[in-house]
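Shown next, in structure tokens, is the structure this report addresses.
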DNA sequence: ATTATTTAATCAAACGTTTAATTAACCAGG
DNA sequence: CCTGGTTAATTAAACGTTTGATTAAATAAT
């Protein structure tokens, strides 16, 4: 009814929000542009007016998601902290991001599964950036003796997998596996567990600390758990 | 041209094979039934003749994939071996499965991302079975002192994630991350690294064995690496 | 009055599906 | 061994629907 004109946000933002949710839920091919319009409460033609095409809308969302993740990662793993602290911070931030942007994450994961055309460029750029940062960090940790001489080419992928899986299987996990809501507390538990498992392993041969199973007890002094992810 | 009648396999099998590949590559919604027919070299009506509908074809493929994985897992983690050996065997078998059935795995992963309708039942059943087996195994390992008291509810998910990620990111990994082909040798390296990391962790605080980084050195005597997965 | 925004109506193309007809294999009875 | 009828396998053509996209007109803002 009202015709704001003030800025290009009102309808455009609602379209982007509706599209993000539907693309995440159903994927690109099974999301009709009319469904997006209905959910956003606008006419279908507005989508072409603002985004040019269905693919333009999709790319716009994708671009935003990837750049957000990239920025998050770069600012997270940098800094003068120790290797372990930097890796722990990566896990914390990544897990927190998963909580606050589940739809963007799912869209990215779908794209990675496909691996094709649309954004092999952007998904690749996103994944390669993360990978390289983590690999260099781990390699440096091994060099200084802070880490064991593990397979530093594969270890970053493993670490990403340990975090990603909790968003990847989220529908199943929250429905049938663990009797918990996916709230901030649970995400903190995921991060603590992941860090503990990655650094200390599951084997008892070394005789490590024996903290109770699900307690979120990790030291890391000034750590703001599940903190700002924007 | 030939009209075999002998059994219903010839065309039906070609349809299933073509559909499996296309569904894995593009997903359900972006795969046209005509494309499947063209790739299989049959008429589009044959798909309805054999499978009733597009969804019937998809469900048929999905069912087969899930039951295969389920059978693989059940027979793998059972047996009188120790906890560590059983978990290691799970990783070996799962990684080998990934190598030999990448398309089925990708279809299952897509379904898990969606989490909806189609087979929330079957995907859930598949995942819950895996999860329960692993959880019980890990819990038992903790009880006997073979494992540290880690978060045994989350640990199975982490372990699955450490394996799944290598199929999940496969296009990106083989294209830009690790300069290796996805052959049996690489899958063995993945399995060795995963087992090493899961049991021993990346930290050096405990003073564990110091085998060189990418060497596939794990003892596990009669282990047939990347063995029969059918 | 002019521009920017939104709408309803409409388009050709592509979709999954159905139908009717055709072809090859099988199996009687002669 | 033929032969005619039955059945299963396969095809080409068309169906109705939905899709992404476009347009011309209407409405609001400047």
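Residue numbers (this note's numbering), protein chains in the order written: chain A, 118 to 347; chain B, 118 to 347. Glycine residues also receive a C-beta, built at the ideal position from the N, C-alpha and C atoms.
Item                                                                                                                                                                                       : Value
Leaving out the 5 sequence neighbours to the left and right, which residues in its chain are closer than 6 Å to residue 299 of chain B when beta-carbon positions are compared?            : 291
Taking 9 Å as the threshold (C-beta atoms), are residue 168 of chain B and residue 224 of chain B in contact?                                                                              : no
What residue does the alpha helix (DSSP H) around residue 144 of chain B start on, and which one ends it?                                                                                  : Residue 144 of chain B -> no alpha helix (DSSP H), and no H or E assigned at all.
Is it the case that the region 156-173 of chain A contacts the region 258-277 of chain B, given that we only count it when at least three CB pairs across the two stretches are under 8 Å? : no
Compile a chain-ordered list of the residues in the region 256-277 of chain A whose CB is closer than 7 Å to at least one CB of chain B.                                                   : 262, 263, 264, 265, 266, 267, 268, 269, 270, 271, 272, 274, 275 and 277
Quick one: does residue 288 of chain A have its CB under 9 Å from some CB of chain B?                                                                                                      : yes
Can you give me, in chain order, the residues of the region 195-218 of chain A that have a beta carbon less than 9 Å from any beta carbon in chain B?                                      : 201 and 204
Comparing the C-beta of residue 253 of chain B with each C-beta of chain A, is any distance below 9 Å?                                                                                     : no
What is the rounded straight-line gap between the Cα of residue 159 of chain B and the Cα of residue 227 of chain A?                                                                       : 30 Å
Of all the residues that make up the region 218-233 of chain A, which are near chain B by a beta-carbon distance shorter than 8 Å?                                                         : 223, 226, 227, 229, 230, 231, 232 and 233
Nearest CA to the CA of residue 276 of chain B: which residue from B:244, B:128 and B:143?                                                                                                 : B:244
Please state whether DSSP places residue 169 of chain B in a helix, a strand or coil.                                                                                                      : coil
So, helix, strand or coil for residue 264 of chain B, using DSSP?                                                                                                                          : strand
Measure from the C-beta of residue 144 of chain A to each C-beta in chain B and report whether the shortest distance is under 9 Å.                                                         : yes
In terms of residue numbering, what span does the alpha helix (DSSP H) encompassing residue 313 of chain A cover?                                                                          : 301-317
Is the number of C-beta pairs between the region 149-158 of chain B and the region 207-214 of chain B that are closer than 8 Å three or more?                                              : no
Taking C-alpha atoms, which residue in A:138, A:271 and A:254 lies nearest to residue 198 of chain A?                                                                                      : A:254
Would you verify that the beta carbon of residue 174 of chain A is, or is not, closer than 9 Å to some beta carbon of chain B?                                                             : no
Determine the DSSP secondary structure at residue 232 of chain A, reduced to helix, strand or coil.                                                                                        : coil
Among A:146, A:320 and A:281, which has the Cα closest to the Cα of residue 215 of chain A?                                                                                                : A:281
As a quick exercise: from B:248, B:204, B:284 and B:196, pick the residue whose alpha carbon is nearest that of residue 295 of chain A.                                                    : B:248
Alpha carbon to alpha carbon, how far is residue 135 of chain A from residue 191 of chain B? Give it in angstroms, no decimals.                                                            : 41 Å
In the structure shown, what three-state DSSP assignment does residue 320 of chain A receive?                                                                                              : strand
Can you confirm whether residue 304 of chain A, when its beta carbon is compared against all beta carbons of chain B, has any partner nearer than 9 Å?                                     : no
Thinking just about the alpha-carbon of each residue, which of B:307, B:189 and B:177 is nearest to the one in residue 283 of chain B?                                                     : B:307
Can you name the residues of chain A whose CB is closer than 9 Å to the CB of residue 279 of chain B?                                                                                      : 274, 275, 276, 278, 279 and 282
Specify the secondary structure class of residue 196 of chain A as computed by DSSP and reduced to three states.                                                                           : coil
So which residues of chain A does residue 140 of chain B contact, with C-beta pairs closer than 8 Å?                                                                                       : Simply none; closest approach about 11 Å.
CB residue 163 of chain B to CB residue 128 of chain B, shorter than 9 Å?                                                                                                                  : yes
Show which residues of chain A have a CB atom less than 7 Å away from the CB atom of residue 307 of chain B.                                                                               : 271
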